[in-house]
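If you're matching positions, the sequence shown starts at 3 in the working numbering and goes up one per residue.
Heads up: the structure comes next, in structure tokens.
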Amino acid sequence: MIRKTMGLICAGALMAGLAAAPAAADTLDDIIKRGKLITGVKADYAPWGMRDSSGAVVGMEIDMLADFAKRLSAKAGKTIELEMVVVVASNRMQFLEQGKIDMFIATMSDKAKRRKVVGIVQPNYYSSGVAILAHKDSGISTWDTVKGKKICGIQGAWYNKEHGLKNGADMIVFKGVPEVEKATLDGRCVGWLYDDSAFIPRKVNEPEKWKDFSIATPVVSDVPWGAAVRLDDLNGPLGTALSEAIVDWHKSGMIIELEAKWGIPPTQWVADMKQKCNDGHSNCDIKRDADEEYGK
3 MIRKTMGLIC
13 AGALMAGLAA
23 APAAADTLDD
33 IIKRGKLITG
43 VKADYAPWGM
53 RDSSGAVVGM
63 EIDMLADFAK
73 RLSAKAGKTI
83 ELEMVVVVAS
93 NRMQFLEQGK
103 IDMFIATMSD
113 KAKRRKVVGI
123 VQPNYYSSGV
133 AILAHKDSGI
143 STWDTVKGKK
153 ICGIQGAWYN
163 KEHGLKNGAD
173 MIVFKGVPEV
183 EKATLDGRCV
193 GWLYDDSAFI
203 PRKVNEPEKW
213 KDFSIATPVV
223 SDVPWGAAVR
233 LDDLNGPLGT
243 ALSEAIVDWH
253 KSGMIIELEA
263 KWGIPPTQWV
273 ADMKQKCNDG
283 HSNCDIKRDA
293 DEEYGK
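Written out as structure tokens, the structure reads:
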């Protein structure tokens with residue numbers, strides 16, 4: 003009798019605890035209620051995210067976010083304002099985990115380890131590889147030739163270890179792009195380890211500034227970029243809405259148009275994604291298979 007009574011008490015306590023536990027947050031509902039989407043953006047990665055002459059943050063990713071806010075406004079039947087919080091590679095995931103932002107589109111490579119921390123939606127929206135932009139007198143021509151050379155990098159970038167330290171480079175890392183640019187141009191480093199997508203527009207848009215530099219190594223580790231929400235939101239309304247928007251950006255050719263707008267040379271990956279999404283390829287499914295390879 004005592005055991006039966008204790009069992010009833012435990013069961014009752016469990017049910018009470020479940021009833022008292024808060025339901026999983028619906029971030030999209032919160033966004034609509036407050037009338038504002040708070041999103042992380044880069045301001046150090048031209049032309050995807052940068053500051054203009056007035057100090058405002060502009061760029062290709064900011065245009066994408068503005069379009070997403072318009073889509074949310076249409077769904078909500080009210081204006082959803084876009085509030086941008088500037089992030090860098092070393093804090094963007096933490097800001098999302100801590101609730102400082104609702105989501106981000108911030109030049110982040112889609113890596114398996116990162117999917118354990120934040121909800122990276124499918125499909126990916128862009129892609130880049132890794133290379134070294136080196137001075138003409140650096141002596142760098144292959145990855146083997148970076149050994150012992152001072153190479154600049156960004157704090158928190160996964161390729162500092164994978165393609166810098168593992169190839170014997172003397173890595174000098176900085177918090178943001180402006181610091182790396184200055185160090186590279188001042189000669190404190192003979193090369194800059196970064197995404198090739200960042201080097202191309204610099205060579206195109208600022209040829210005089212970068213006349214003594216070129217992409218010296220082969221481009222390796224091509225990895226797509228992912229937009230992210232909190233893990234709890236990945237398969238919820240916000241993650242689904244973001245996935246649907248990215249699919250439409252590919253289908254409509256909007257990302258190709260944004261490349262042209264911001265002076266980015268056309269990339270084959272973006273062109274291929276437009277075709278895949280219009281053909282109904284699995285890369286453009288709203289939900290990704292658990293065993294799907296990254297970057298394929």
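Cβ atoms here follow ideal geometry from the backbone N, Cα and C, with glycine treated the same way.
The structure displayed is predicted, hence computed values, not measured ones.
For I174, which three-state DSSP category applies?
To locate residue 174, count along the sequence shown from 1; it is residue 172. Reduced to three states, the DSSP call for I174 is strand.
Residue range of the alpha helix (DSSP H) that W251 falls in?
Taking the sequence shown and counting its residues from 1, the one referred to as residue 251 is at position 249. Taken as a continuous stretch (DSSP letters only), the alpha helix (DSSP H) holding W251 covers 239-254.
My assumption, with CB atoms under 8 Å, is that I288 sits in contact with S245. Please give the rounded CB distance.
Counting from 1 along the sequence shown, the entry for residue 288 is found at position 286. Counting from 1 along the sequence shown, the entry for residue 245 is found at position 243. With a Cβ gap of about 5 Å, I288 and S245 count as contacting.
Check the C-beta distance from N198 over to G131 and give it rounded, since I have them as a contact under 8 Å.
Mapped onto the sequence shown, residue 198 falls at position 196. Mapped onto the sequence shown, residue 131 falls at position 129. Asn is not the amino acid found at residue 198; the sequence shown has Asp there. Their Cβ separation, rounded to whole angstroms, is 5 Å, which keeps D198 and G131 in contact under 8 Å.
For R53, which of helix, strand or coil comes out of DSSP?
Translated into the one-based positions of the sequence shown, residue 53 becomes position 51. DSSP places R53 in strand when its eight states are reduced to three.
Quick one: residues in its chain with C-beta nearer than 6 Å to the C-beta of I257, no 5 flanking neighbours on either side, listed in chain order?
By one-based count along the sequence shown, residue 257 stands at place 255. Here the set comprises W251, V272.
In the DSSP output, what is M105 paired with across the bridge?
Here residue 105 corresponds to residue number 103 of the sequence shown, with the count starting at 1. Beta-bridge pairing links M105 to T41, V231.
So, are the CB atoms of V123 and L236 less than 8 Å apart?
The residue you call residue 123 lines up with position 121 of the sequence shown. The residue you call residue 236 lines up with position 234 of the sequence shown. Yes; because the gap between Cβ atoms is below 8 Å, this pair is in contact.
According to the neighbour-count rule (16 or more other Cβ atoms, all chains shown, within 10 Å of its Cβ), is V192 buried or exposed?
One-based indexing of the sequence shown puts residue 192 at position 190. Buried, because 16 or more other Cβ atoms sit within 10 Å of the Cβ of V192.
Looking at the structure shown, is D224 part of a helix, part of a strand, or coil, going by DSSP?
Position 222 of the sequence shown, counted from the start, is the residue given in the question as residue 224. Correct three-state label for D224: strand.
For K263 and I248, what's the separation of their Cα atoms in angstroms?
Here the question's residue 263 lines up with position 261 in the sequence shown. Here the question's residue 248 lines up with position 246 in the sequence shown. Straight-line Cα distance between these residues: approximately 18 Å.
Applying the 10 Å Cβ sphere with the 16-neighbour rule, what's the burial state of A114?
The residue given as residue 114 occupies position 112 in the sequence shown. Classification of A114: exposed, given that the 10 Å Cβ count is below 16.
When the distance is taken between beta carbons, is T186 closer than 8 Å to C154?
Translated into the one-based positions of the sequence shown, residue 154 becomes position 152. Translated into the one-based positions of the sequence shown, residue 186 becomes position 184. Yes, these two residues count as a Cβ contact at 8 Å.
So if DSSP puts F97 in a beta bridge, which residue, or which two residues, is it bridged to?
One-based indexing of the sequence shown puts residue 97 at position 95. DSSP lists no partner for F97.
Within 10 angstroms of the Cβ of R94, are there 16 or more other Cβ atoms? Answer buried if so, exposed if not.
By one-based count along the sequence shown, residue 94 stands at place 92. By the 10 Å Cβ count, R94 comes out buried.
What does the alpha-carbon distance come out to for the pair I156 and A48?
In the sequence shown, residue 156 corresponds to position 154, counting from 1. In the sequence shown, residue 48 corresponds to position 46, counting from 1. Their Cα atoms are separated by approximately 15 Å.
Between I156 and chain B, is any beta-carbon pair separated by less than 8 Å?
Chain labels in this structure do not include chain B; a single protein chain is all it has.
Report buried or exposed for V89, applying the criterion of at least 16 other Cβ atoms within 10 angstroms of its Cβ.
As a first step, residue 89 is located in the sequence shown; it is residue number 87 there, counting from the start. Buried, because 16 or more other Cβ atoms sit within 10 Å of the Cβ of V89.
G61: which of Q277, G265, M275 sits nearest, CA to CA?
Sequence index remark: in the sequence shown, residue 61 carries index 59 (1-based). G61 has its Cα closest to that of G265, out of Q277, G265, M275.
By a C-beta neighbour count over all protein chains shown, 10 Å radius and 16 as the cutoff for buried, is D46 buried or exposed?
Reading the sequence shown from its first residue, position 44 is the one you call residue 46. Label assigned to D46: buried.
Would V206 be called buried (16 or more neighbouring beta carbons within 10 Å of its own) or exposed?
If you number the sequence shown from 1, residue 206 lands on position 204. So V206 ends up on the exposed side.
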